[in-house]
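Position 150 of the sequence shown, counting from 1, maps to 526 under my numbering, and the rest follow consecutively. Where is the CB? At the ideal position from N, CA and C, for every residue including glycine. Bear in mind that the values here come from a model prediction, so they are computed numbers and not experimental data.
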Amino acid sequence: MTDRISIIAPDDWHVHLRDGEMLTQVVPHTAHRFQRAIVMPNLRPPVTSVAAAQAYRERIRLACPADLEFTPLMTAYLTDTIDPSELERGFREGVFAAAKLYPANATTNSAAGVTDLLQIDPVLETMARIGMPLLIHGEVTDAEIDIFDREAVFIERHLAPLRERHPELKVVFEHITTEQAVQYVSSVDRHLAATITPHHLHINRNAMFAGGLRSDFYCLPVAKRECHRQALRRAATSADPRFFLGTDTAPHERASKESSCGCAGIFNAPFALESYAQVFDEEGALAHLEAFTSLNGPEFYNLPVNSGRVILERRDHLVPELVNGLVPFHAGEILSWAVADASDQVQL
Ligand code: DOR
Ligand code: ZN
Numbered sequence: 377m378t379d380r381i382s383i384i385a386p387d388d389w390h391v392h393l394r395d396g397e398m399l400t401q402v403v404p405h406t407a408h409r410f411q412r413a414i415v416m417p418n419l420r421p422p423v424t425s426v427a428a429a430q431a432y433r434e435r436i437r438l439a440c441p442a443d444l445e446f447t448p449l450m451t452a453y454l455t456d457t458i459d460p461s462e463l464e465r466g467f468r469e470g471v472f473a474a475a476k477l478y479p480a481n482a483t484t485n486s487a488a489g490v491t492d493l494l495q496i497d498p499v500l501e502t503m504a505r506i507g508m509p510l511l512i513h514g515e516v517t518d519a520e521i522d523i524f525d526r527e528a529v530f531i532e533r534h535l536a537p538l539r540e541r542h543p544e545l546k547v548v549f550e551h552i553t554t555e556q557a558v559q560y561v562s563s564v565d566r567h568l569a570a571t572i573t574p575h576h577l578h579i580n581r582n583a584m585f586a587g588g589l590r591s592d593f594y595c596l597p598v599a600k601r602e603c604h605r606q607a608l609r610r611a612a613t614s615a616d617p618r619f620f621l622g623t624d625t626a627p628h629e630r631a632s633k634e635s636s637c638g639c640a641g642i643f644n645a646p647f648a649l650e651s652y653a654q655v656f657d658e659e660g661a662l663a664h665l666e667a668f669t670s671l672n673g674p675e676f677y678n679l680p681v682n683s684g685r686v687i688l689e690r691r692d693h694l695v696p697e698l699v700n701g702l703v704p705f706h707a708g709e710i711l712s713w714a715v716a717d718a719s720d721q722v723q724l
């Protein structure tokens, strides 16, 4: 049995670092485990200009402990009226690594998102021309569509047609949750990849209703049936370069999650790497962990692989109920993989 593995230092290709007080609380958790991270732009107001992204990047740097080597990779928030030349300038100047498409009202702080994909075709043409990746929250917002079907319907209605209109555009289908998404991504040879979160590998939709309403497991896209979780586990652990790590860590104050209209999002940054390692171990695929955490993402984004390494060891540890006043994913559970140098873990 493998009890210790060394992997190239990982990156997180999808994080919400928030702003203000919460930013200072959550940045160290991501920076401690990941060398780079793609930072989501769904702030209030959203990050729609180069200047806003530069200012946010500076706030993230200030919140990052000085001894950690961490590079935030910034994204632009697409709106119906965003100027393609602003995106192009930001990408060429190395401020924007990608742009994020939120269908309007699909999720947290997405009210200013895109209402009609056809309207932003000139923006997508520019992005395809300059090689700027498009990151997609892939859910339809049509209230007539069952919430558990919104991702699958998005593929047919929007993603496949978009890719036909822009075959050269690099697309990341973010936080996929369904067998249909796995099949779609697996069927495409170039310019399409997907991120997979730890929570969608661990929980199915029952988790939200286990013994009562469990807001800690509510996120968007919502977790689906068990067969979908199994398809995600097969994809993540397959070493297929089209699938890579993106935690979608999305902290919310406890009171906001537990209100009568609770927010979607799971704060998984503190134990994300350990959480993924457990899945790969359970699937007998530890040999493929490094491809998922540290190789496939840089390859898609055309970035160098990190030079540092991280050692993971088999060691039971209890995940605390709260981290900085926030409920972490796996709170109160015992995880069986730990980062070797982790001084912040509660030992059993
Ligand atoms: O669960 C989620 N939380 N999904 C998203 O798409 C957004 C995120 C957030 O910002 O809270
Ligand atoms: Zn997200």
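With a threshold of 7 angstroms, establish whether the CB of Glu483 neighbours any heavy atom of the ligand DOR. Here the sequence assigns Thr to residue 483, which means Glu is not the residue at that position. Indeed, a heavy atom of the ligand DOR lies less than 7 angstroms from the Cβ.
Nearest-angstrom Cα distance between Pro627 and Lys546? So the alpha carbons of these two residues sit roughly 28 angstroms apart.
Own chain, CB closer than 7 angstroms to Asn672, minus 5 neighbours either side, in chain order: So the qualifying residues of the chain are Pro617, Phe619, Phe620.
Between the alpha carbons of Arg685 and Ile383, how many angstroms are there, rounded? Taking the straight line from one Cα to the other gives about 6 angstroms.
The ligand ZN and Met416: does any heavy atom of the ligand fall closer than 7 angstroms to the residue's C-beta? Taking 7 angstroms as the cut-off, the C-beta of Met416 counts as close to a heavy atom of the ligand ZN.
Any chance the CB of His693 is under 7 angstroms from a heavy atom of the ligand DOR? Not so, every heavy atom of the ligand DOR lies at least 7 angstroms from the Cβ.
Inter-residue spacing [alpha-carbon to alpha-carbon] between Phe656 and Val695: Going by the C-alpha atoms only, they are around 19 angstroms apart.
Three-way DSSP call (helix, strand, coil) for Arg437 in this model: In the structure shown, the three-state DSSP call for Arg437 is helix.
So, at 6 angstroms on beta carbons, what are the nonlocal neighbours of Arg420 in its own chain, with the 5 sequence-adjacent residues on each side left out? Excluding residues within five positions, the ones whose Cβ falls inside 6 angstroms are Asn485.
What number of angstroms, rounded off, separates the C-alpha of Glu434 from the C-alpha of Pro441? Rounded to the nearest whole angstrom, the CA to CA distance from Glu434 to Pro441 is 13 angstroms.
Would the region 490-505 and the region 549-558 be scored as touching if the rule is three or more Cβ pairs under 8 angstroms? Segment contact: the region 490-505 against the region 549-558, fewer than three CB-CB distances shorter than 8 angstroms; contact not assigned.
Please report the distance separating the alpha-carbon of Phe585 from that of Glu464. Taking the Cα positions, Phe585 is about 45 angstroms away from Glu464.
Exposure of Cys637, with buried meaning 16 or more beta-carbon neighbours within 10 Å: Label assigned to Cys637: exposed.
Would you say the beta carbon of Cys440 comes nearer than 7 angstroms to a heavy atom of the ligand DOR? The answer is no for Cys440.
Cβ shell of Leu444 (< 7 angstroms), same chain only, five flanking positions each side left out: Ala407, His408, listed in sequence order.
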